[in-house]
Amino acid sequence: MLSELQKEEILELISLKQEGAYWDFKKEWYEDGKQSDLLHDIICMANNLENRDAYIIIGIDEENDYCVNDMTNAENRKSTQMLVDFVRNKKFAGGIRPRVVVETMQLETGTIDIIIIKNGYSTPYVLEESYRGVNDNNIYTRVMDSNTPKNKTAEISHIEYLWKKRFRLLMAPLEQVFYYLLNKEEWEDVPGWCYNTPIL
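Each residue of the sequence shown is one higher than the one before, counting from 97 in the working numbering.
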């Protein structure tokens, strides 16, 4: 369920009338023939460069002044479970997949759905097996309001950022110390000393 803070944020993003680095608008749910677009969008959002949750807001018509296109009886509508199953059935490197949730929000002029792609430290999320034009081993991300094209890979500086995030190198040094001290399961105990083995 969306928190009041999230609802306010969604309304604010819609009022901007433009897409951004961690949010995207869709007039309607992805058709059956566009499932590769859905997967590509999820991966790009999961690898966003803002280090935060991302949103695919469904039911906003960009070509009609960002008006609401009611999703109440929409075709191809997915629940959280359906979307989780969709992502689970794709082969990701290391078996590490983006976490997704579908929430519904009632506005004055209709209902919209929001796919929330949860922020995580397992970036970059990468397929190990291609899916309908979404290439294996390509690292996709989102810069400003644009996704990395399916036939390309992200710029090296963005790839580096995503790996730094995975190894928590974006944290302040003191935050890193507390993180490693609090996660005992990531330490190897050998006679006389211990060392950290981060779980990826």
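Even glycine gets a Cβ: it sits at the ideal position worked out from N, Cα and C.
Quiz item: Which residues in the same chain as Asn292 place their Cβ atom closer than 7 Å to its Cβ, once the five residues preceding and following it in sequence are excluded?
Solution: Walking along the sequence shown from the start, residue 292 turns up at place 196. The residues are Tyr276, Glu282, Trp283.
Self-check item: Sequence-distant residues of its chain with Cβ nearer than 7 Å to Leu135 (five each side left out)
Solution: Along the sequence shown, read from residue 1 onward, the residue named residue 135 stands at position 39. Counting only Cβ-Cβ distances below 7 Å, and skipping sequence neighbours, we find Lys186, Tyr227, Val230.
Quiz item: Whose CA, out of Glu108, Lys122, Asn172, Ile212, lies closest to the CA of Gly129?
Solution: Mapped onto the sequence shown, residue 129 falls at position 33. Considering only alpha carbons, the answer is Asn172.
Practice problem: Just the C-alpha distance for Gly176 and Val273, rounded to the nearest angstrom, thanks. | Solution: If you number the sequence shown from 1, residue 176 lands on position 80. If you number the sequence shown from 1, residue 273 lands on position 177. Position check: residue 176 holds Thr in this sequence, whereas Gly was assumed. Their Cα atoms are separated by approximately 35 Å.
Practice problem: Helix, strand or coil for Arg195, going by three-state DSSP, please let me know. | Solution: Counted from its first residue, the sequence shown places residue 195 at position 99. Under the three-state reduction of DSSP output, Arg195 falls in the coil class, being neither helix nor strand.
Practice problem: Under 7 Å Cβ to Cβ from Arg264, same chain only, skipping five residues before and after it: list those, please. | Solution: Indexing the sequence shown from 1 puts residue 264 at position 168. Tyr217, Gln272, Tyr275, listed in sequence order.
Quiz item: When you compare each of Glu127, Phe121, Lys174 to Glu158 by their alpha carbons, which one comes out closest?
Solution: The sequence position of residue 158 within the sequence shown is 62, counting from 1. Checked all of Glu127, Phe121, Lys174; the closest Cα to Glu158 is Phe121.
Exercise. May I ask you to list the residues that DSSP assigns as paired with Asp120?
Key: Residue mapping note: residue 120 aligns to position 24 of the sequence shown, counting from 1. DSSP lists Ile152 as the beta-bridge partner residues of Asp120.
Quiz item: Shortest alpha-carbon distance to Ile255 belongs to which of Leu203, Val196, Gln114, Asn144?
Solution: For the purposes of this step, residue 255 is taken as the residue at position 159 of the sequence shown. Among Leu203, Val196, Gln114, Asn144, the Cα nearest to that of Ile255 is on Asn144.
Practice problem: Answer yes or no: do Ala150 and Tyr126 have a C-beta to C-beta separation smaller than 8 Å? | Solution: Position 54 of the sequence shown, counted from the first residue, corresponds to residue 150. Position 30 of the sequence shown, counted from the first residue, corresponds to residue 126. With respect to Tyr126, Ala150 sits apart: the two C-beta atoms are not nearer than 8 Å.
Quiz item: From this set, Glu251, Asn247, Pro220, Leu266, which residue's C-alpha is nearest Phe188's C-alpha?
Solution: Against the sequence shown, residue 188 aligns to sequence position 92. For the residues Glu251, Asn247, Pro220, Leu266, the minimum Cα distance to Phe188 belongs to Pro220.
Quiz item: Can you give, in chain order, each stretch of the beta strand (DSSP E) that sits fully within the region 196-232 and has at least 3 residues?
Solution: You should have 196-203, 206-213.
Exercise. Would you mind giving the Cβ-Cβ distance between Leu109 and Ile152, rounded to the nearest angstrom? I have them listed as a contact below 8 Å.
Key: Stepping through the sequence shown from its first residue, residue 109 is reached at position 13. Stepping through the sequence shown from its first residue, residue 152 is reached at position 56. By a beta-carbon distance limit of 8 Å, Leu109 does not contact Ile152. Their separation comes to about 11 Å.
Quiz item: Which same chain residues, not among the five before or five after Asn234, have their C-beta less than 6 Å away from its C-beta?
Solution: Numbered from its first residue, the sequence shown carries residue 234 at position 138. So the list reads Thr249, once near-sequence residues are dropped.
Quiz prompt | For Gly206 and Val164, believed in contact at Cβ under 8 Å, the rounded distance | solution = Numbered from 1 along the sequence shown, position 68 holds the residue referred to as residue 164. Numbered from 1 along the sequence shown, position 110 holds the residue referred to as residue 206. With a Cβ gap of about 4 Å, Val164 and Gly206 count as contacting.
Quiz prompt | Distance between beta carbons of Arg148 and Asn215, contact taken as under 8 Å | solution = If you number the sequence shown from 1, residue 215 lands on position 119. If you number the sequence shown from 1, residue 148 lands on position 52. Indeed they touch by this definition, with Cβ atoms about 5 Å apart.
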